[in-house]
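K.L.:
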Amino acid sequence: REYKLFRDKIQIDLWREYPLKFFEDIGVSSLGLWEKQKEIVESVKKNERTVVVATYDVGKTFIAACIAIWFLNTFIPSKVITTAPTGRQVKDLLWREIRSIHKRSRIPLGGRVLTQYYEIEEDWFAVGFSTDEYDPDKFTGYHQENVLVIFDQASGIGKNIWDAAEGLMTSPNVRWLAIGNATDPNSEFAKNTKVGSGWNTIKITAFDSPNVKAGKNIYPGLLSYDWPKRMEKQWGKNSQMYKMFVLAEFPRESPENLIPYALVEASLDKEAELDGEIQVGVDVAEFGNDFTSIVVRKGKTITDIFLFSKENPMQVVGRV
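Following this note's numbering, the numbering of the sequence shown begins with 16 at its first residue and continues without gaps.
Set out below in structure tokens:
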């Protein structure tokens, strides 16, 4: 095979056994991987199922892309199946990282990489698709001796897709990695983070970030060292937003929640016509812990959202 012309079997065996060595050799990061990223790598190597619930900007999508490339290049042949709730998330998140890593590799990785497809040979490839455009029945068409399944933004992936992916877990060497934020407590993603689910769970809070631990920004691209403090000031330590996005804890449904955050998050990827008259909605909070909210809408599209706290009524009038 073409691949074997520039890959010594001993080298491939070494990379398969030591994925961190593979990442070092292809030069995925000048700073190297940080502690939690290494933990994810080792978990995927050792465990059939790994679920990662994490805060924003800690490199979870990047390490998932690294793992996809490692698996495809060290298990011969293999298939890597990746999915996310929307086409934008597939193309602009995980697959942007895959394309970048392949292009910047210090050594030739072989194969050809398209927007959402990486082929080494006809039956040896990685593919990405969104769950909103995919027939779950087609999961049955990806059987192979070596299979890696990656769910990105997993909190927004429906139960039918999780059930369909189970059909791939019958091969001799299978791995399943699910990563996401703690936004929907009723999701399959949330259920699989619980003890006894059969998944190895890794939790990454904002305070685990090496930038936060160091008190300065030493890893470009990861969340800023002062982000947790700023979010504490903005949201408050007891707020659900703080718990979801700083502490990586799934929120509890309560009577205070008019609209579950999972629905709000899903709406961000929907498109609507920008037509009709401009309307402005105002929800006044005054001096409580809540925010005064001003929302500007044109047709079915929100064009602006403004949030203010602890202002008297006349100040709010001025804002409006």
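Note that the Cβ used here is the ideal one computed from N, Cα and C, for glycine as well. As the structure is a prediction and not an experimental result, all values here were calculated from the model.
How far does the beta strand (DSSP E) with Y132 in it extend, from its first residue to its last?
P.N.:
Taken as a continuous stretch (DSSP letters only), the beta strand (DSSP E) holding Y132 covers Y132 to E136.
K.L.:
Please work out which residues of its chain come closer than 6 Å, Cβ to Cβ, to G296, disregarding the five sequence neighbours upstream and downstream, and give them in chain order.
P.N.:
For G296, where only same-chain residues beyond five positions count, the Cβ hits under 6 Å are V310.
K.L.:
Use the C-beta contact count for E17: other C-beta atoms within 10 angstroms, 16 or more gives buried, fewer gives exposed.
P.N.:
Note that E17 scores 49 on pLDDT, short of 50, meaning its location in the model is unreliable; the coordinates nonetheless yield the value given after this. Classification of E17: exposed, given that the 10 Å Cβ count is below 16.
K.L.:
Taking buried to mean at least 16 other C-beta atoms within 10 Å of its own C-beta, is V335 buried or exposed?
P.N.:
Looking at its Cβ environment, which holds fewer than 16 other Cβ atoms inside 10 Å, V335 is exposed.
K.L.:
In whole angstroms, give me the CA-to-CA distance for V164 and F321.
P.N.:
Approximately 40 Å between the Cα atoms of the pair.
K.L.:
Please confirm if the region 219 to 231 is in contact with the region 255 to 267, defined as three or more CB-CB distances below 8 Å between the two stretches.
P.N.:
Cβ pair count under 8 Å is three or more, so yes.
K.L.:
Looking only at its chain, what residues have a beta carbon closer than 8 Å to the beta carbon of P225, apart from the 5 residues adjacent to it on each side?
P.N.:
Within the same chain, P225 has close Cβ partners W49, E50, I233, Y234 and L237.
K.L.:
Taking the alpha-carbon of S282 as reference, which of R267, T146 and I317 has the nearest alpha-carbon?
P.N.:
Considering only alpha carbons, the answer is I317.
K.L.:
Beta strand (DSSP E) containing F321: first to last residue?
P.N.:
Residues T316 to F323.
K.L.:
Only counting runs of 4 or more residues, tell me where the alpha helix (DSSP H) segments fall wholly within the region 198 to 274, in order along the chain.
P.N.:
Fully enclosed alpha helix (DSSP H) runs of 4 or longer: 203 to 206, 225 to 229, 242 to 250 and 255 to 260.
K.L.:
Given this structure, state the Cα-to-Cα distance separating L20 from L87, to the nearest angstrom.
P.N.:
With a pLDDT of 44 at L20, under the threshold of 50, the modelled position of that residue is not reliable, and the figure given next carries that caveat. Their Cα atoms are separated by approximately 17 Å.
K.L.:
Among all the DSSP beta bridges, which residues are the ones paired with G143?
P.N.:
Note: G143 sits in a beta bridge opposite T97.
K.L.:
Out of G47, K252, F166 and F323, which one is the CA nearest neighbour of L192?
P.N.:
When only C-alpha atoms are compared, the closest one is F166.
K.L.:
Whole-angstrom Cβ separation of I84 and I116, contact assumed at under 8 Å?
P.N.:
At roughly 6 Å, the Cβ-Cβ gap stays under 8 Å, so I84 and I116 are in contact.
K.L.:
Suppose you measure from the CA of W177 to the CA of D199; what does that come to, to the nearest Å?
P.N.:
Roughly 15 Å between the two C-alpha positions.
K.L.:
Does the Cβ-Cβ distance between I172 and A99 come in under 9 Å?
P.N.:
In contact: I172 and A99 (Cβ atoms closer than 9 Å).
K.L.:
What are the boundary residues of the beta strand (DSSP E) that Q294 is part of?
P.N.:
First-last of the beta strand (DSSP E) with Q294: I293 to D298.
K.L.:
Using CA coordinates, which residue listed in D28, Y257 and K315 is at the minimum distance from Y71?
P.N.:
Nearest C-alpha to Y71: Y257.
K.L.:
Relative to the alpha-carbon of A337, which residue among K248, P187, M259 and R121 has its alpha-carbon at the smallest distance?
P.N.:
Nothing can be reported for residue 337: it is not among the residues displayed for the chain, which extend from 16 to 335.
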